[in-house]
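First up is the structure itself, then whatever we jot down about it.
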Amino acid sequence: MLARTFFGTFDDNGDGKISLQEFESIMSSSHSNGLFKKLDENGDGILDFNEVLAFYYMVKTGIRSCNSCNKLLLGPYFSCAMCLGKGSETYDLCCGCYSGGDYSHEHSSDNFMDTRAQLKLLRDLMERAEITPIQTVETNQDVLMRSTSKKGKALQGVNTALKIANVCVEVGNVAVNAEIIRNPVTNIIS
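Numbering (our numbering), first residue to last: 1 to 190.
Structure below.
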């Protein structure tokens, strides 16, 4: 439903197609023409629902732009690893600005990672931290058996429940993300 509403905000005349003029009337960015052309996969000069759906996904996940030249980062780019851990503010560079050294930033170029390296690092961290709900329960039951105080047992029970809940949430997130990847159109629309 949200994706259809999003599409409708661009479709001024209700014809089920988004022209460049309709797109630019909503997008006040200097990037709108270039973005429109990238979204228009079949090159027919209009955006259909599926092409706008790709843009909807980009908006929901956050389109980044190069901190040096302001170019939209629609492909591979580099991010400062030192800034990634500081919250939502990142320092991102397109490949051209990074390789040409065309930027001014507080951290050295040694601290930058490309998107593939970031994904590999994330995958490696997830594999190292992988724990199953059964392992969590067994580990915490061993601790509970050794506990002597009622307060200690209660706190450990709460701890066990929280760990199990966290594992369940992570498993659920993986399942939801896998389903969205398998069938993106129906999952975003419904």
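Note that beta-carbon positions come from the ideal geometry of N, C-alpha and C, so glycine has one too. These numbers were taken from a predicted model, which means no experiment stands behind them.
Does the Cβ of residue 47 have 16 or more other Cβ atoms within 10 Å, making it buried, or fewer, making it exposed?
-> buried
Cβ-based burial, residue 9 [other Cβ within 10 Å; buried from 16] | exposed
How close, in whole Å, do the beta carbons of residue 7 and residue 20 come, if the pair is a contact with beta carbons under 8 angstroms?
-> Between residue 20 and residue 7 the Cβ distance is about 16 angstroms, and since that is not below 8 angstroms, they are no contact.
Taking the C-alpha atoms as reference points, what is the distance between residue 99 and residue 44?
-> 34 angstroms
So, are the CB atoms of residue 76 and residue 110 less than 8 angstroms apart?
-> no
CA-CA distance, residue 82 and residue 121?
-> 14 angstroms
For residue 93, which residues does DSSP report across the bridge?
-> 78
Check whether the Cβ atoms of residue 12 and residue 25 lie closer than 8 angstroms to each other.
-> yes
Would you kindly work out how many angstroms separate the C-alpha atoms of residue 125 and residue 108, rounded to a whole number?
-> 24 angstroms
Which value, in whole angstroms, describes the spacing of the CA atoms of residue 91 and residue 27?
-> 24 angstroms
Would you give the residue range spanned by the beta strand (DSSP E) that residue 126 belongs to?
-> Taken as a continuous stretch (DSSP letters only), residue 126 belongs to no beta strand (DSSP E), being part of the alpha helix (DSSP H) at 115 to 129.
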